[in-house]
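Step one of this worksheet: look at the structure below.
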Amino acid sequence: MLTASHLTRRFDDRVAVQDVSFEVAPGEIFALLGPNGAGKTTTLRMLAGLIEPSAGAVRVAGEPMTRRTASRLRGSIGFLTEAPGLWDRLSVRQNLRVYAQLHGLQEGDRAVDEALDVFDLRAREREPAAQLSKGLRQRVALARALLHRPSIVLLDEPTSGLDPESAREVRDLILRLREQRRAILLCTHNLDEVERVADRVAVLRSRLVASDRPAALRARLFGARLRVTLATAAAPFVPVLTRAGVPDVRADGRMLSIGVDDAAERAPEIVRLLVNAGAAIQAVTPEQPPLEEVYLRLLSESPA
Amino acid sequence: MRRPGGAAGARIRALLAKELADLRANPSVFVPAIVTGLLALLLPFFVAVIVPAVTGERLSDSSDFQLALEVYRDQPGLRGLGAEAAVQAWIFQQFLILLVITPVAASMSVAAYSVIGEKQARTLEPLLATPITTLELLTAKVAGSLLPALALSFVSFALYVGGALAFAEAGVYRALLTARSLLVVFLLGPLAALAALQMAVCVSSRVNDARSAQQIGALIILPVAGLLIAQVTGSLLLTGEMILLIGLGLALLNGGLLVLGIALFDRESILTRWK
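Protein sequences appear in the order of chains A and B. Per our numbering: the first sequence = residues 6 to 309. Per our numbering: the second sequence = residues 1205 to 1479.
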């Protein structure tokens, strides 16, 4: 649906984005992570047809984004910019109506009505945007980005500055967009949010440091691990496992952390060994380091 | 769901409607233009009507206005004017040039606000992410500034003629309805305003404060003021042909400024350098 091929963008002598390639499929949430100045916003702008790449190409449903096609292709993209960018003196409805007209929606008023209902803005539709809270402004900006039902949605920090309840609403909305088979590119610093919604993650630091499913990134960096919680101290059971050929075993209180090739395949055998040795097992779970650790490890291993 | 044809026109109309709605919500942007218009309106009445009434001296008795009498003896349609009316007609016609400054001032303040206001409110990025093209955006911005400026200018002209009808000597108002006068108001005024606002738009795409844009746009006022001085001192008499020639020059200038505006107003600079 949305393809970035070897995207490079230079600003004078500075290279903001270098040789970045990825694809976002319909019904997929692809998260783009990276420190400030890593080139995330520049990448989004290239994907949205706002700035041209110095090298490489953007394709929307197979069609290359060029000067000639950009205006038309922008019509199939919904872009939530970092700042809501509402016209403060215009009402919520007026803000949305202008965008409905700019997108050439034939039943613009109906689309605006629907958006007001979906985003729970009906009660505020006549208020000037300047009077809205930050959360409401973000909601209006989201409604505006999705008004024309784009097949591709680019979201730059969609929950930035929102209270937890509003942030959750936005996350739920993003998940609904995935159900509607939209291709969603999510750019954020909120790793918890990424953990909750993203199907795939890319870490950017001018270049693409890594790109994969969160679980695959974890496995690649930390290996697969099993966590076994016992009713008693775990240390006495370490030799049981090492003698059975499981070399990477760590004990911490009542917890055993066990490095395995494949957690699902090795779990029954490990449980049997421990039970036979008299362990009272309370829980067995695959060990998942938080995405934050994955992210920080990836960044620490990539040149600044 | 999408409207098939005339997409560019619809986008321009949509943004133009937004510009006008935004101006309605912020009428203070017109204050400088209204002050300019009022001054342009009141000055000739002060000179031609109020001063003689207060001092009790007739303008036609002064040797300073002999030129006016000579000029108006040559104009068909105004030959029937008495001496005092001829001098008043001459004054009202000379100061008509000031009315050109009204749309210039109005368009400059609106244009500078319109572009730099978008810049400061960071509303341009989502706007540029729609299918709107640079030409469509500039057309809507220019029209959104020009139309209210012209409306203000035409209202000022109507008040000017109405004032002359009500307060000046009988028949003086006819001097303001000659082809020459109408060309000044309806040709030079709009073209000068368009040039000024295009200059303001060009500068707006490169600076971050409205005042810089307005100052550059104000350059167009200098030649207008020069014309007024040259006329009042008698060193130049603006004929219909000269007005048409100046109009042609302004039209060419506007064409050049349009090309320059599109070149300067590129999305990349706006998004990457506007902070």
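Even glycine gets a Cβ: it sits at the ideal position worked out from N, Cα and C.
When burial is assigned at 16 or more other CB atoms within 10 Å of the CB, is residue i buried or exposed?
i, result
"residue 237 of chain A", "exposed"
"residue 1283 of chain B", "exposed"
"residue 58 of chain A", "buried"
"residue 34 of chain A", "buried"
"residue 1232 of chain B", "exposed"
"residue 280 of chain A", "exposed"
"residue 231 of chain A", "buried"
"residue 29 of chain A", "buried"
"residue 241 of chain A", "exposed"
"residue 211 of chain A", "buried"
"residue 1260 of chain B", "exposed"
"residue 1337 of chain B", "buried"
"residue 253 of chain A", "exposed"
"residue 86 of chain A", "buried"
"residue 1250 of chain B", "exposed"
"residue 1471 of chain B", "buried"
"residue 90 of chain A", "buried"
Please tell me whether residue i and residue j are closer than 8 Å, where the distance is taken between their beta carbons.
i, j, result
"residue 1310 of chain B", "residue 1362 of chain B", "no"
"residue 123 of chain A", "residue 134 of chain A", "no"
"residue 47 of chain A", "residue 37 of chain A", "no"
"residue 1335 of chain B", "residue 1295 of chain B", "no"
"residue 1464 of chain B", "residue 55 of chain A", "no"
"residue 239 of chain A", "residue 258 of chain A", "yes"
"residue 1348 of chain B", "residue 1224 of chain B", "yes"
"residue 70 of chain A", "residue 31 of chain A", "no"
"residue 167 of chain A", "residue 136 of chain A", "no"
"residue 1447 of chain B", "residue 1308 of chain B", "no"
"residue 120 of chain A", "residue 141 of chain A", "no"
"residue 251 of chain A", "residue 263 of chain A", "yes"
"residue 176 of chain A", "residue 200 of chain A", "no"
Could you check the C-alpha separation between residue i and residue j for me, to the nearest Å?
i, j, result
"residue 1366 of chain B", "residue 162 of chain A", "58 Å"
"residue 11 of chain A", "residue 297 of chain A", "27 Å"
"residue 97 of chain A", "residue 171 of chain A", "18 Å"
"residue 1292 of chain B", "residue 1298 of chain B", "10 Å"
"residue 300 of chain A", "residue 13 of chain A", "23 Å"
"residue 1331 of chain B", "residue 1405 of chain B", "17 Å"
"residue 1306 of chain B", "residue 1396 of chain B", "10 Å"
"residue 1301 of chain B", "residue 1462 of chain B", "25 Å"
"residue 150 of chain A", "residue 138 of chain A", "18 Å"
"residue 109 of chain A", "residue 1360 of chain B", "37 Å"
"residue 9 of chain A", "residue 1339 of chain B", "28 Å"
"residue 1373 of chain B", "residue 1239 of chain B", "26 Å"
"residue 1357 of chain B", "residue 1218 of chain B", "24 Å"
"residue 1237 of chain B", "residue 1427 of chain B", "18 Å"
"residue 1205 of chain B", "residue 53 of chain A", "Its pLDDT being 47, under 50, residue 1205 of chain B is placed unreliably in this model, and the value from its coordinates should be taken loosely. Using only the alpha carbons, I get a separation of about 21 Å."
"residue 82 of chain A", "residue 1230 of chain B", "32 Å"
"residue 126 of chain A", "residue 1216 of chain B", "27 Å"
"residue 1407 of chain B", "residue 1324 of chain B", "15 Å"
"residue 1244 of chain B", "residue 1410 of chain B", "32 Å"
Verify the CB distance criterion: does residue i have a CB-CB separation below 8 Å to chain A?
i, result
"residue 1332 of chain B", "yes"
"residue 1336 of chain B", "yes"
"residue 1323 of chain B", "no"
"residue 1222 of chain B", "yes"
"residue 1268 of chain B", "no"
"residue 1315 of chain B", "no"
"residue 1326 of chain B", "yes"
"residue 1149 of chain B", "The structure shown does not extend to residue 1149 of chain B, since chain B spans only 1205 to 1479, so no value can be given for it."
"residue 1475 of chain B", "yes"
"residue 1347 of chain B", "no"
"residue 1479 of chain B", "For residue 1479 of chain B, the predicted model reports a pLDDT of 49, less than 50, meaning its position is unreliable; a value from the coordinates is still stated below. With 8 Å as the cut-off, residue 1479 of chain B does not count as an interface residue toward chain A."
Return no unless some Cβ of chain B is closer than 8 Å to the Cβ of residue i.
i, result
"residue 56 of chain A", "yes"
"residue 124 of chain A", "no"
"residue 95 of chain A", "yes"
"residue 86 of chain A", "yes"
"residue 3 of chain A", "No statement about residue 3 of chain A is possible, as the shown extent of chain A runs from 6 to 309 and does not include it."
"residue 61 of chain A", "no"
"residue 138 of chain A", "no"
"residue 25 of chain A", "no"
"residue 39 of chain A", "no"
"residue 53 of chain A", "yes"
Give me, in chain order, the residues of the same chain whose beta-carbon lies closer than 8 Å to that of residue i; leave out the 5 immediate sequence neighbours on both sides.
i, result
"residue 1207 of chain B", "For residue 1207 of chain B, the pLDDT reaches just 48, beneath the cut-off of 50, and the residue's location in the model is therefore unreliable, leaving the point undetermined."
"residue 1454 of chain B", "1392, 1395, 1396, 1398, 1399"
"residue 1444 of chain B", "1383, 1384, 1387"
"residue 303 of chain A", "208, 214, 215, 222, 226"
For residue i, which residues of its own chain have a beta-carbon under 7 Å away from its beta-carbon, when the five flanking residues on both sides are left out?
i, result
"residue 1350 of chain B", "1311, 1397, 1398, 1401"
Taking 7 Å as the cut-off, is the C-beta of residue i nearer than that to any heavy atom in the ligand GTP?
i, result
"residue 1211 of chain B", "No copy of the ligand GTP appears in this structure; indeed no ligand is present at all."
Whose C-beta lies closer than 6 Å to the C-beta of residue i among residues of the same chain, with five residues either side of it excluded?
i, result
"residue 290 of chain A", "232"
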